[in-house]
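Asks: Just passing along the structure, written as structure tokens.
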Amino acid sequence: MSERIQLFRPTIGAAEKAALCETLDSRWVGRGPRSIRFEERFAEYIGVDHAVALNSATAALHLGLLCAEVEGQEVLTSSLTWVSSTQAILLAGGRPVFCDIEPDTLNLSVDDVARKITPTTRAIVVTHYGGQACDMDPVLELAAAHGLTVVEDAAHGCGGIYRGRRLGSLGDVGCFSFQATKNMTTGDGGMLVTGDEALAGRVRKLRWCGITRPTWERFRPGQPKRSWMYEVEEVGWKYEMNDLAAALGLAQMDSLEANNQRRRELMDRYREAFSGLDGVDCLASRDYAVSACYNAVIQVDDRDGLFAHLDACGIDSNVHFYPNHLYRLFRPYTTRLPVTERVWERILSIPLYPGLTDEHQDRVIAAVRAFAEGERRQPAAAG
Ligand SMILES: *Cc1c(COP(=O)(O)O)cnc(C)c1O
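Okay, so the sequence shown: first residue is 10 according to our numbering, each after it adds one.
Given below as structure tokens:
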């Protein structure tokens with residue numbers, strides 16, 4: 010029996026292990042020097058003034074939307090995204106308004122966004138699906154014309170580029186995820202980036218119970234004047250990143266570019282393999298984007314049949330995503346989204362991660378091809 014092929018698999022090596030051990034040995038495992046270094050380095054990499062390390066992208070989306078003051082207001086968003094993109098809107102007191110997507114990139118349809126702007130619209134959450142940029146210029150124009158805050162959900166987009174600029178640096182707030190499956194991982198973790206100093210300052214406070222001066226700043230070695238006193242200015246959360254996660258993040262940044270390059274190589278191989286295969290479509294790539302290639306999505310008629318076939322071949326796959334507007338929790342905000350509703354039944358994410366070997370990828374390709382060709386021979390027997 011050949012080895013099972015996972016859908017995602019983090020790239021972790023000696024550098025990550027050493028970084029963790031070093032942090033453990035330092036005995037400062039809470040938020041501290043490594044979190045600060047990670048923030049500085051990440052801000053520089055993305056090309057923004059401020060980065061605030063958090064324990065998830067969900068926390069970044071929540072606090073970003075809270076600072077955008079969406080309470081009681083409408084927030085435009087995609088339905089084909091992870092549920093916390095929508096939950097963050099509700100956590101911040103906003104009302105999600107689902108917009109349809111482009112059928113070939115699965116990114117927000119700017120036309121539908123334009124149609125759904127009302128006098129009570131306050132913000133737009135833009136998910137860069139699969140790490141490929143949404144067409145940001147028209148989104149930013151709409152936002153400027155209507156006074157809307159743009160929050161980028163760049164959970165898939167770490168290292169992705171739109172017209173020469175890194176994803177996350179284009180809107181007012183960018184949110185990154187370092188959850189286990191993402192392009193770089195800290196186990197769990199997130200980062201909020203912004204050019205707005207006041208917003209960054211408020212998020213720094215809200216991430217730790219509304220407290221004004223964190224422990225590291227008051228008690229770090231060499232601190233000339235130690236102090237136990239701090240003020241609590243508003244109700245906050247326990248959303249900060251600890252130094253174990255930050256140490257992993259710093260190590261992961263060293264290999265991010267090379268890993269993303271390998272992701273793009275693998276994506277090109279999938280594209281080439283499926284280009285001549287009837288009934289199997291890859292997503293379209295746009296010339297304004299260099300994708301971070303978070304996941305490899307194909308579209309097929311019998312998606313559930315392919316899922317079962319791959320499973321039987323020892324290959325994991327998954328659906329990203331079940332449309333949010335069809336979940337029971339979000340039913341009060343549901344609407345008709347013809348493209349989303351048609352396309353989600355056809356999408357399947359197949360294995361993609363930097364450590365995927367050409368040989369394993371060839372096994373995935375052969376399994377997809379066998380399914381597609383079998384389908385054509387005996388379509389009636391499917392399922
Ligand atoms: C993973 C993901 C998130 C949430 O990230 P966490 O760090 O797990 O909170 C948000 N949006 C999208 C599109 C994601 O894929």
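Glycine included, C-beta positions come from ideal geometry on N, C-alpha and C.
For M276, is the classification buried or exposed, using 16 other Cβ atoms within 10 angstroms of its Cβ as the cut-off for buried?
Replies: To locate residue 276, count along the sequence shown from 1; it is residue 267. M276 should be labelled buried.
Asks: Find out if the Cβ-Cβ distance for the pair I359, Q308 is shorter than 8 Å.
Replies: What you label residue 359 is simply residue 350 of the sequence shown in a count that begins at 1. What you label residue 308 is simply residue 299 of the sequence shown in a count that begins at 1. Not in contact: I359 and Q308 (Cβ atoms no closer than 8 Å).
Asks: Which full runs of the alpha helix (DSSP H) of 4+ residues lie inside the segment 188–239, going along the chain?
Replies: 206–215, 224–228
Asks: For C184, which residues in the same chain have their Cβ closer than 7 Å to its Cβ, ignoring the five residues on either side in sequence?
Replies: Taking the sequence shown and counting its residues from 1, one reaches residue 184 at position 175. Answer for C184: A66, A69, L70, G73, V160, E161, D162, A163, A164, G199, L201, listed in chain order.
Asks: From H59, L151, I14, T130, pick the residue whose C-alpha is nearest to that of A207; which is it?
Replies: Along the sequence shown, one-based indexing puts residue 207 at 198. If we check each option's Cα against that of A207, H59 comes out closest.
Asks: Does the count of Cβ pairs from the segment 245–259 and the segment 209–229 closer than 8 Å reach three?
Replies: A contact exists between the segment 245–259 and the segment 209–229.
Asks: What's the gap between the Cα of A154 and the Cα of A123?
Replies: Position 145 of the sequence shown, counted from the first residue, corresponds to residue 154. Position 114 of the sequence shown, counted from the first residue, corresponds to residue 123. C-alpha separation (whole angstroms): 11 Å.
Asks: Looking at A62 and E48, is the spacing between their C-beta atoms short of 8 Å?
Replies: On the sequence shown, position 39 is the one that residue 48 refers to. On the sequence shown, position 53 is the one that residue 62 refers to. Contact flag set, yes.
Asks: Indicate the three-state DSSP secondary structure (helix, strand or coil) for C30 in the structure shown.
Replies: Within the sequence shown, residue 30 is the residue found at index 21, counting from 1. C30 falls in the helix class under three-state DSSP.
Asks: Less than 8 Å between the beta carbons of L89 and Y54, yes or no?
Replies: Mapped onto the sequence shown, residue 89 falls at position 80. Mapped onto the sequence shown, residue 54 falls at position 45. No, these two residues do not count as a Cβ contact at 8 Å.
Asks: From what residue to what residue does the alpha helix (DSSP H) around A153 run?
Replies: Within the sequence shown, numbered from 1, the residue matching residue 153 stands at position 144. A153 -> alpha helix (DSSP H) spans 145–155.
Asks: Mind checking whether the beta-carbon of G199 lies closer than 7 Å to any heavy atom of ligand 1?
Replies: Indexing the sequence shown from 1 puts residue 199 at position 190. Yes, the Cβ of G199 comes within 7 Å of a heavy atom of ligand 1.
Asks: What does DSSP give as the partner residue(s) for R104 in the beta ladder?
Replies: On the sequence shown, residue 104 is found 95 positions in, with the first residue counted as 1. Bridge partners of R104: E83.
Asks: Just checking D146 against ligand 1 - is the residue's beta carbon closer than 7 Å to any of the ligand's heavy atoms?
Replies: Walking along the sequence shown from the start, residue 146 turns up at place 137. D146: no, Cβ never under 7 Å from ligand 1.
Asks: Identify whether V348 lies in helix, strand or coil by the three-state DSSP scheme.
Replies: Here the question's residue 348 lines up with position 339 in the sequence shown. Correct three-state label for V348: helix.
Asks: Leaving out five residues before and five after S186 in sequence, what residues of the same chain have Cβ atoms less than 6 Å from its Cβ?
Replies: Against the sequence shown, residue 186 aligns to sequence position 177. So the list reads A66, A164, G199, once near-sequence residues are dropped.
Asks: For F185, name the three-state secondary structure that DSSP assigns.
Replies: Here residue 185 refers to the residue found at position 176 when the sequence shown is read from its first residue. Three-state result, F185: strand.
Asks: Could you tell me whether the Cβ atoms of L431 and I126 are closer together than 8 Å?
Replies: Residue coverage of the chain in this structure runs from 10 to 392, which leaves residue 431 outside it and unanswerable.
Asks: I21 to P128, Cα distance in whole Å?
Replies: Numbered from its first residue, the sequence shown carries residue 21 at position 12. Numbered from its first residue, the sequence shown carries residue 128 at position 119. Roughly 48 Å between the two C-alpha positions.
Asks: Considering only the beta carbon of each residue, do E249 and R216 sit closer than 8 Å?
Replies: What you label residue 249 is simply residue 240 of the sequence shown in a count that begins at 1. What you label residue 216 is simply residue 207 of the sequence shown in a count that begins at 1. In this structure, R216 lies closer than 8 Å to E249 by Cβ.
Asks: Where does D181 land, buried or exposed, given buried means 16+ other C-beta within 10 angstroms?
Replies: Taking the first residue of the sequence shown as position 1, residue 181 is located at position 172. Label assigned to D181: buried.
Asks: Rounding to the nearest angstrom, what Cα-Cα distance links I14 and F316 in this structure?
Replies: Reading the sequence shown from its first residue, position 5 is the one you call residue 14. Reading the sequence shown from its first residue, position 307 is the one you call residue 316. Answer to the nearest angstrom: the Cα atoms are 13 Å apart.
Asks: Alpha carbon to alpha carbon, what distance is there between R172 and R295?
Replies: Locating residue 295 in the sequence shown gives position 286, where the first residue counts as 1. Locating residue 172 in the sequence shown gives position 163, where the first residue counts as 1. Separation of R295 and R172 (C-alpha to C-alpha, rounded to the nearest whole angstrom) is 11 Å.
Asks: Would you check whether ligand 1 has a heavy atom nearer than 7 Å to the C-beta of Q15?
Replies: Stepping through the sequence shown from its first residue, residue 15 is reached at position 6. Not so, every heavy atom of ligand 1 lies at least 7 Å from the Cβ.
Asks: Can you grab the Cα-Cα spacing for the pair V148 / L179, in whole Å?
Replies: Taking the sequence shown and counting its residues from 1, the one referred to as residue 148 is at position 139. Taking the sequence shown and counting its residues from 1, the one referred to as residue 179 is at position 170. Cα to Cα, V148 sits roughly 10 Å from L179.
Asks: Would you report the Cα separation of G196 and R386, rounded to the nearest angstrom?
Replies: Taking the sequence shown and counting its residues from 1, the one referred to as residue 196 is at position 187. Taking the sequence shown and counting its residues from 1, the one referred to as residue 386 is at position 377. Distance between the alpha carbons of G196 and R386: 44 Å.
Asks: Hey, how far is the Cα of A390 from the Cα of A381?
Replies: Residue numbering aside, residue 390 sits at position 381 when the sequence shown is read from its first letter. Residue numbering aside, residue 381 sits at position 372 when the sequence shown is read from its first letter. Residue placement at A390 cannot be trusted, given a pLDDT of 49 that sits under 50; the coordinates are not used to answer.
Asks: Round the Cβ separation of T130 and L85 to the nearest angstrom and send it over; I've been treating them as touching at under 8 Å.
Replies: For the purposes of this step, residue 130 is taken as the residue at position 121 of the sequence shown. For the purposes of this step, residue 85 is taken as the residue at position 76 of the sequence shown. Between L85 and T130 the Cβ distance is about 6 Å, and since that is below 8 Å, they are a contact.
Asks: Output the distance between the C-alpha atoms of G392 and G314, rounded to the nearest integer angstrom.
Replies: Here residue 392 refers to the residue found at position 383 when the sequence shown is read from its first residue. Here residue 314 refers to the residue found at position 305 when the sequence shown is read from its first residue. Only weak support is given to the placement of G392: the predicted model assigns it a pLDDT of 43, under 50, and the value that follows is read from those uncertain coordinates. Whole-angstrom Cα-Cα distance: 6 Å.
Asks: Helix, strand or coil: how does DSSP classify V306 here?
Replies: Translated into positions along the sequence shown, residue 306 becomes position 297. In this structure, V306 counts as strand in the three-state DSSP scheme.
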